[in-house]
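To keep things clear, I will list the structure first and then write my remarks on it.
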Amino acid sequence: MADANAWKRFLQIFTLTIGAGLMLAGIIFFFAYNWESMHRFAKMGIAVGLILTVFGVTMLVKMSDTTRKITISSLCVLVGLFWAIFGQVYQTDADTYEFFLTWAVCVAVWVYMADFYPLWTFFIGLVSMGVIPLFPINEWLPTLLMLYTAAWIAFFIFSPKVLPNRSESPSWFINMLITLEFGIAVFVMCVIIVFGDEGESVFMVLVVIGATIWYALRQKNLWLFTMLFIGGLCVLECLFIKGTNFDFGVLFFNLIIMTAALAASAFAIVKQHKKWKQENLEPSTNQEVINNGKDQQQ
Numbered sequence: 003m004a005d006a007n008a009w010k011r012f013l014q015i016f017t018l019t020i021g022a023g024l025m026l027a028g029i030i031f032f033f034a035y036n037w038e039s040m041h042r043f044a045k046m047g048i049a050v051g052l053i054l055t056v057f058g059v060t061m062l063v064k065m066s067d068t069t070r071k072i073t074i075s076s077l078c079v080l081v082g083l084f085w086a087i088f089g090q091v092y093q094t095d096a097d098t099y100e101f102f103l104t105w106a107v108c109v110a111v112w113v114y115m116a117d118f119y120p121l122w123t124f125f126i127g128l129v130s131m132g133v134i135p136l137f138p139i140n141e142w143l144p145t146l147l148m149l150y151t152a153a154w155i156a157f158f159i160f161s162p163k164v165l166p167n168r169s170e171s172p173s174w175f176i177n178m179l180i181t182l183e184f185g186i187a188v189f190v191m192c193v194i195i196v197f198g199d200e201g202e203s204v205f206m207v208l209v210v211i212g213a214t215i216w217y218a219l220r221q222k223n224l225w226l227f228t229m230l231f232i233g234g235l236c237v238l239e240c241l242f243i244k245g246t247n248f249d250f251g252v253l254f255f256n257l258i259i260m261t262a263a264l265a266a267s268a269f270a271i272v273k274q275h276k277k278w279k280q281e282n283l284e285p286s287t288n289q290e291v292i293n294n295g296k297d298q299q300q
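For the sequence shown, the positions run 3 to 300 when our numbering is used.
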């Protein structure tokens, strides 16, 4: 549960992000509106000038750590704007994945130094739009996607232990990546059940589901624990679709079954949450008993 300070910090980051986003949108629309009337050197010169200006502000102006990280995020977006203008001016005919990979390579150092997890999310998106199109479109594509996502998860979990200037990843960020990985596994499982193909990915799907269950229980992560039940309900529905015909009676029976399964899932989630909450309270209670005993002895 967020307290007043957490909400205050959220509003500060939210308004700063909205402001930076509106500024970047204004710059993009400026180029779009005046594209035909501007010389190519003016277009690229303005983009480079903006990059240098924001970089100078980031390095020289005194600001809070959060504001600096959001400013670096704006700088990374401006780099993409420059490459987009460059590609349009000189008609490089670069493929989309080449554009995103070039963008990601150019901002990688800034992303690493900022260590700002919304910016990391943006960077993962850039790399993914550059790397995923390179995967062969065949029966092994789901496995490659799950391995690719697992590599990012492993990087953000283990890299803070070995790399300098890397902070521990926040829970929302790890939850997002694991939810994406688990979602891919559930989707592939549903495709296998309904259409009977993609059998080559069954082993990887089972590994991902098992790893998600282990991590959710080990970390006592209520979000991932809930995702497990949602994934289970999706698989149950696919089994029902595969094994029955569609008519009113079957659909009504399906509605009853899914409602009962949803109620049972909600009950199990609430019960597990209370159990974990009680387990978290027990160590502090035991410590209070020890402290009280010491006080009485004194």
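Beta carbons: idealized from backbone N, C-alpha and C, even for Gly. Note that the structure is a prediction, hence the values are computed from the model and not measured.
Nearest-angstrom Cα separation, counted from Met40 out to Ser173: 46 Å
Rounded C-beta distance between Val56 and Leu26? I'm assuming under 8 Å. So it is not a contact: roughly 10 Å between Cβ atoms.
Mind checking Trp105: buried by the 16 CB within 10 Å criterion, or exposed? buried
Does Asn256 come out as helix, strand or coil in the three-state DSSP assignment? helix
For the alpha helix (DSSP H) that Arg220 lies in, which residues bound it at each end? Val204 to Gln221
Around the C-beta of Phe12, are 16 or more other C-beta atoms found within 10 angstroms, so that it is buried, or is it exposed? exposed
Between the C-alpha atoms of Gly89 and Ile211, what's the straight-line distance to the nearest angstrom? 42 Å
DSSP three-state assignment for Arg135, whether helix, strand or coil: The residue you asked about is not Arg; residue 135 is Pro in the sequence shown. Residue state, collapsed to three classes: helix.
When you compare the CB positions of Ser171 and Phe160, do they come within less than 7 Å of one another, or not? no
Euclidean distance between Cα positions of Val193 and Leu147: 15 Å
Does any heavy atom of the ligand NAP sit closer than 6 Å to the C-beta of Leu54? With respect to small molecules bound, the structure shown includes none, and the ligand NAP cannot be examined in it.
Helix, strand or coil, according to DSSP, for Phe118 in the structure here? coil
Nearest-angstrom Cα separation, counted from Met191 out to Gly185: 10 Å
Pair every Cβ in the region 252-270 with every Cβ in the region 224-237, then say whether three or more of these pairs are closer than 8 Å. yes
Assign Ile139 to buried or exposed, taking buried as 16 or more other Cβ atoms, counted over all protein chains shown, within 10 Å of its Cβ. exposed
Exposed or buried, what is Lys71 when buried is set at 16 or more other beta-carbons lying within 10 Å of its beta-carbon? buried
contact_flag[the region 80-87, the region 44-59] where n(CB pairs < 8 Å) is 3 or more: yes
Just to confirm my understanding: we take Pro135, look at its own chain, exclude 5 residues before and 5 after, and list those with CB closer than 6 Å. What are they? Tyr99
Report the CB separation of Thr214 from Ile180 in whole angstroms; it is logged as a contact under 8 Å. 6 Å
For Tyr114 and Tyr35, I'd like the C-alpha separation in whole angstroms. 34 Å
Let's test the definition: count the other Cβ atoms within 10 Å of the Cβ of Asn167 and tell me whether it reaches 16, buried, or not, exposed. exposed
Alpha carbon to alpha carbon, how far is Asp208 from Leu103? Going by the sequence as given, residue 208 is Leu instead of Asp. About 31 Å.
Which whole-angstrom value describes the C-beta separation of Glu183 and Ala152, a residue pair presumed to lie in contact below a C-beta threshold of 8 Å? 6 Å
Select from Val133, Gly23 and Phe231 the residue whose C-alpha is nearest the C-alpha of Val188. Phe231
Whose C-beta lies closer than 7 Å to the C-beta of Thr19 among residues of the same chain, with five residues either side of it excluded? Ile72
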